Amino acid sequence: MNWYEIDNHIKANLMNYILSIDQGTTSSRTILIDAGGKPVGKAQKEFNQYFPKPSWVEHNPEEIWKSQLETISKVLSDTKISPKDISAVGITNQRETVVAFDSKTGKPIYNAIVWQCRRTVNKCEELKLKYKSIIKEKTGLEIDAYFSGPKMEWIIENVKEAKELIKEKRLRFGTIDSWLIWNLTGKKEFYTDPSNASRTMLYNIKENKYDDKLMSLFQIEEWMLPKVLKSNGEFGYTDPDLFGTSIPIRAVLGDQQAALFGNACFNTGDVKVTYGTGGFLLINIGDKFKLVDNLITTIAWSIDNSPTYAIEGSTFISGAIIQWLRDGLGIIKDASETESLAISLDSNEGVYLVPALSGLGAPYWDGNARGIIIGLTRGTTKAHIVRAALESMAYQIADLVVPVKELLTKESFIKADGGATKNNFLLQFQADLLNMNIVRSSQAEATAIGVGYLTGLSTGIWKSKEDIQKLWKTNELFLPRKNRLEEYKKWKEAVKRSFRWN
Ligand code: ADP
Numbered sequence: 000m001n002w003y004e005i006d007n008h009i010k011a012n013l014m015n016y017i018l019s020i021d022q023g024t025t026s027s028r029t030i031l032i033d034a035g036g037k038p039v040g041k042a043q044k045e046f047n048q049y050f051p052k053p054s055w056v057e058h059n060p061e062e063i064w065k066s067q068l069e070t071i072s073k074v075l076s077d078t079k080i081s082p083k084d085i086s087a088v089g090i091t092n093q094r095e096t097v098v099a100f101d102s103k104t105g106k107p108i109y110n111a112i113v114w115q116c117r118r119t120v121n122k123c124e125e126l127k128l129k130y131k132s133i134i135k136e137k138t139g140l141e142i143d144a145y146f147s148g149p150k151m152e153w154i155i156e157n158v159k160e161a162k163e164l165i166k167e168k169r170l171r172f173g174t175i176d177s178w179l180i181w182n183l184t185g186k187k188e189f190y191t192d193p194s195n196a197s198r199t200m201l202y203n204i205k206e207n208k209y210d211d212k213l214m215s216l217f218q219i220e221e222w223m224l225p226k227v228l229k230s231n232g233e234f235g236y237t238d239p240d241l242f243g244t245s246i247p248i249r250a251v252l253g254d255q256q257a258a259l260f261g262n263a264c265f266n267t268g269d270v271k272v273t274y275g276t277g278g279f280l281l282i283n284i285g286d287k288f289k290l291v292d293n294l295i296t297t298i299a300w301s302i303d304n305s306p307t308y309a310i311e312g313s314t315f316i317s318g319a320i321i322q323w324l325r326d327g328l329g330i331i332k333d334a335s336e337t338e339s340l341a342i343s344l345d346s347n348e349g350v351y352l353v354p355a356l357s358g359l360g361a362p363y364w365d366g367n368a369r370g371i372i373i374g375l376t377r378g379t380t381k382a383h384i385v386r387a388a389l390e391s392m393a394y395q396i397a398d399l400v401v402p403v404k405e406l407l408t409k410e411s412f413i414k415a416d417g418g419a420t421k422n423n424f425l426l427q428f429q430a431d432l433l434n435m436n437i438v439r440s441s442q443a444e445a446t447a448i449g450v451g452y453l454t455g456l457s458t459g460i461w462k463s464k465e466d467i468q469k470l471w472k473t474n475e476l477f478l479p480r481k482n483r484l485e486e487y488k489k490w491k492e493a494v495k496r497s498f499r500w501n
């Protein structure tokens, strides 16, 4: 190294922390990552969930912002790392959730309508009759209340202030990433990235732009929406009043896409499954757009404006069914009890639970399906219900993987992350069911780490995806041990019985 290089090297190492913001559905988290890709500080804060009607879910956007800011301050004060030593900020976020605000005052005009909210189910059923194939062709999505466009239209039709603000061109609709960018930059910048835009049902993922026809279908005009930059774009600088210095925002990814990146699934055919509140399968399919029946195609990331696509299957209730056993039924005190209860039985003895508590997402897309427990006998105990709940988390993932197995590279194994992967029974059962190897990711925070990796790639801390690949570590491998085809057939029968109940 010459003196010039040494000087640059020292400078780079002085400013080599990344602040990774992870705005989730139930909590806001912040992680500080060092140049070795290691988290050196973490903070998390829950915020309120609002359920104004059955199946409606809202958040208060100001609470989201406040809780996020608190976690950033806490990480900085706990680690005593100066904001001046942070090279850049990355943002990952709960997707599809919509915030409507007034661009003049910066104030929300309504609560955020959350991805889980089902208020637009009827409208979506109507749209399916006419627009199913057009929307799939352009956006890669199935029509469902899950996505942002129908939520935005609901606000225009039902919130009085919205129509008034439209007259003055002051209404803005943002997903959570753009709401955070807006606030972090002192209400100056309003941007999003393609991984988030591709969830709005307004974005043409082949042409990489908002689609006029789709916008008009939901009464949206482009000036209402955040501008779409590449995922490793320049999203502005944090307001100096916040942290005493301006830090560039250099990466944005939706949470599931960030987890794909965080699991180093960079090659076509790489696959990850997240078992969190919901269950999510993402398969990297490279740079060629492709459609698969009943699953969705989405932009994984767009680095330097060249998009990588993913096939995604999302199920609304995964670990949430364990929460329901705890809080709704009260048959367990803690999720950690479920593993020993499940293995106390040699088999499910014919008991199946279909966790369609808020309808069924992929591959069934039945908003009116409802949960069932079937196969009960006098011998049924809580162990059976618990086992059926855990098995259901694996069956739902199998329903997503089986139809697309040919998209996976031959030697590919599934990388699994999310809170429920602590459960060995679940991962072993999944390996048996799919006859595939499952590897538990050692990266408990794959989402925050994922966007942190992309931020580091943007700012040059890491030079290439290969550098990042080296940072990814496996934890434990689950090999298939038992044939579960008979059980899987029975599950298929059970799931049919939950359809169109509501
Ligand atoms: P999210 O990021 O969606 O909030 P997490 O990845 O933190 O979710 O995972 C939390 C979910 O994992 C909860 O729904 C919880 O019920 C489930 N969970 C946690 N521990 C276990 C366990 N040992 N067995 C099964 N499920 C678990």
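As numbered in numbering that gives the first Met the number 0, residues 0 to 501 make up the sequence shown, in order.
Built from N, CA and C at the ideal position, the CB exists for glycine as well.
Quick caveat: nothing in here was measured; it's all calculated off a predicted structure.
For Tyr-209, the CB contacts under 7 Å within the same chain, skipping 5 residues up- and downstream, are Leu-201, Tyr-202, Glu-221, Leu-224 in chain order. Within 7 Å of the C-beta of Leu-425 there is at least one heavy atom belonging to ligand 1. Secondary structure within the stretch 31-116: the alpha helix (DSSP H) runs of 4 or more consecutive residues, fully enclosed, are 60-78 (chain order).
The beta-bridge partner set that DSSP reports for Tyr-363 is empty.
For Leu-280, the closest alpha carbon among the candidates Gln-256, Lys-287, Thr-267 is that of Gln-256. Minimum Cα-Cα distance from Asn-283 among the listed residues Asn-293, Thr-276, Asn-262 corresponds to Asn-262.
Contact between Arg-198 and Ser-102 fails: their C-beta atoms lie close to 22 Å from each other, not under 8 Å.
For the pair Lys-186 and Gly-235, the Cα-to-Cα distance works out to about 11 Å.
A Cβ-Cβ contact shorter than 8 Å links Asp-77 with Ala-42.
Here Val-158 carries a coil assignment [DSSP, helix/strand/coil].
Pairing Tyr-452 with Tyr-394 gives a Cβ-Cβ distance that is not under 8 Å. Annotated three-state conformation of Lys-421 is helix, per DSSP. Per the C-alpha coordinates, the member of Ala-368, Ile-17, Leu-432, Ser-26 positioned closest to Thr-276 is Ser-26.
Under DSSP, the beta-bridge partners assigned to Asn-283 are Ala-309. A check of alpha carbon separations from Thr-458 across Lys-79, Lys-495, Asp-21, Ile-85 identifies Ile-85 as the nearest. In the displayed model, Asn-203 falls within a strand according to three-state DSSP.
At least one heavy atom of ligand 1 lies closer than 7 Å to the C-beta of Asn-422.
By the Cβ neighbour-count rule, Leu-426 is buried, with 16 or more other Cβ atoms within 10 Å of its own.
By the C-beta criterion, the stretch 241-248 is judged not to be in contact with the stretch 359-371, since fewer than 3 inter-stretch pairs fall below 8 Å. Rounded to the nearest whole angstrom, the C-alpha separation of Thr-267 and Thr-408 is 8 Å. Taking each of Ala-447, Ile-448, Phe-217, Leu-433 in turn and checking the Cα distance to Leu-478, the smallest one comes out for Leu-433.
Note: Lys-131 is not bridge-paired with any residue in the DSSP secondary-structure output. C-alpha of Ile-134 to C-alpha of Leu-140: approximately 7 Å in a straight line.
Here Leu-179 really is in contact with Gln-22; their C-beta atoms are around 6 Å apart, less than 8 Å. When secondary structure is reduced to three states using DSSP, Ser-346 falls in the coil class, being assigned neither helix nor strand. Of the candidates Ile-155, Ser-19, Ile-295, Ile-320, Ile-295 places its Cα closest to the Cα of Lys-131.
Out of Trp-64, Leu-328, Glu-152, Trp-490, the CA that lies nearest to the CA of Gln-218 is found in Glu-152. Given a length threshold of 4 residues, each whole run of the alpha helix (DSSP H) inside the stretch 245-270 is given here in chain order: 254-261. Annotated as distal: Gly-374 and Ala-355, with beta-carbon spacing of 8 Å or more.
Classified as exposed, Trp-500 has fewer than 16 neighbouring CB atoms from the shown chains inside 10 Å of its CB. Exclusion of the five residues before and after Leu-324 leaves Ile-330, Ile-331, Thr-337, Ile-384, Val-385, Ala-388 as the residues of its chain whose Cβ lies within less than 8 Å of its Cβ. Distance from the C-beta of Glu-338 to the nearest heavy atom of ligand 1 is below 7 Å. Here His-58 is not near Phe-50, since their CB atoms are 8 Å or more apart. Between the C-alpha atoms of Asp-269 and Ile-310 there is a straight-line separation of about 11 Å. For Trp-323, the enclosing alpha helix (DSSP H) begins and ends at 319-323. Annotation for Glu-188: Ile-180, Gly-235 place their beta carbon closer than 6 Å to its own, counting only its chain and skipping 5 residues before and after.
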